[in-house]
Amino acid sequence: MSSSNDLHDRVKKILYSLTGISLSENKDIMIANRLHKLKRDTRYDGDIEELLDAVEEGSFTMEFINSFTTNKTHFFREDFHFADLKDRVLPIFAKNSQQIKMYCSASSTGEEPYSMAMTVLEASEECGKNINATILATDIDTNVLQYAANGVYRYSKSSKEFPSWLKPSKYFKRRVQKTLASEEILIKVKPELQKMVTFKVMNLNDPSYPYQKDYFDVIFCRNVLIYFSNEDQNKILKKLFSHLKIGGTLYLGHSENPQDLISCVERVGQNIFIKRKDFY
Ligand SMILES: C[S@@+](CC[C@H](N)C(=O)[O-])C[C@H]1O[C@@H](n2cnc3c(N)ncnc32)[C@H](O)[C@@H]1O
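Be aware that the sequence shown starts at 1, since it is given in UniProt numbering, and climbs by one per residue.
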């Protein structure tokens, strides 16, 4: 039997080869917990080493990936990005009656793309004109994508997720669910938001992406690059960037930066970048 160090190194190698995620040191407790989850989800009754043999041979790939992704997100996370989208980007598309194509590249359980969709509807109201928008939302984790497509969320009255410029009751149906211990409020995304967003599975670590060059007007790539090595962050950013139009906007998470693309972008806000030229 191998030591827990060897076991964890093996997990890191498998995770990297399947997703590109680089787990840093000091992740022993996390790895142990996630291996436990993997065993439970696969209902595998052999030992963990045999389970990893099976993953290496191509079984349980989806369960392995779903167990090791970190999916923390919430509605209007870093809400200044949505304010920028509403006040700077969307009015131009309203004025020109032009369709806007947006991409959310690590959508997790859906709060981020639905926040983009709510922002479009708010901007349409403010501009007095319907903005025609499509939002493609992808993630590598099939469980979160299913959750997102379902569009049902827990809601807490004390939640400060929603910005002051938006009333959540416009966009969700409310349902109270009684459990043995308490009552919880569930909210379901209304159809007008759901029909704007298409969810698909996609691995950012794939060598290329199935989109046309210069296709998207807006790309959100937030709080996902942090899971990759510097070198791999650069590769992902360059691939994403090739699908963004000149003049399009790239939104990155609070501790992410455009790396090698820095000379091709203009910074217009906190981790908000306009593409000024292609990267060669
Ligand atoms: C921490 S969440 C961030 C969600 C959202 N973008 C936000 O900022 O709130 C990171 C997401 O990236 C996804 N992810 C991790 N590796 C990925 C990969 N190689 N390709 C696509 N998505 C990936 C995870 O499944 C997870 O849902």
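We put the beta carbon where it would ideally sit given N, CA and C, even for glycine.
The beta carbon of M118 lies closer than 7 angstroms to those of L166, Y171, L193 in the same chain, with the five residues before and after it left out. For V197, DSSP records a beta bridge to I135. For I100, same chain residues with a beta-carbon under 6 angstroms away, outside a window of 5 residues either side, are F93, A133, D217 in chain order.
Where C264 is concerned, there is no enclosing alpha helix (DSSP H), because DSSP gives it neither an H nor an E. Contact check for Y114 against V197 passes: the beta carbons are separated by less than 9 angstroms. Under the three-pair Cβ rule at 8 angstroms, the region 203-223 does not count as touching the region 144-151.
Taking C-beta separations shorter than 6 angstroms and ignoring five residues to either side along the sequence, the partners of V144 in its chain run N71, S108, T109, following chain order. If one requires a minimum length of 4 residues, the alpha helix (DSSP H) runs lying completely within the region 47-82 are 48-56, 61-68, in chain order. Assignment of T179 by DSSP, reduced to helix, strand and coil, places it in the coil class. One thing to note: S156 has its Cβ within 9 angstroms of the Cβ of I185. Y155 has I185 as its beta-bridge partners, per DSSP. Three or more beta-carbon pairs separated by less than 8 angstroms link the region 46-64 to the region 28-38, which places the two stretches in contact. Put simply, the backbone Cα of C221 is about 13 angstroms away from that of Q259. For ligand 1, no non-hydrogen atom lies closer than 8 angstroms to the CB of A149. If you check the CB distance, I131 and L90 come in under 9 angstroms. Taking 9 angstroms as the cut-off, the Cβ atoms of H243 and I219 count as close. Looking from the CA of G128, the closest CA among D139, I140, N96 belongs to N96. CA-to-CA, the gap between D214 and S4 works out to about 46 angstroms. Taking E122 as reference, the option from L136, F162, D6 with the minimal CA-CA separation is F162.
Within the same chain, F273 come within 6 angstroms of R267 by CB-CB distance, once the 5 residues on both sides are set aside.
As the crow flies, the alpha-carbon of T19 is around 17 angstroms from that of K27.
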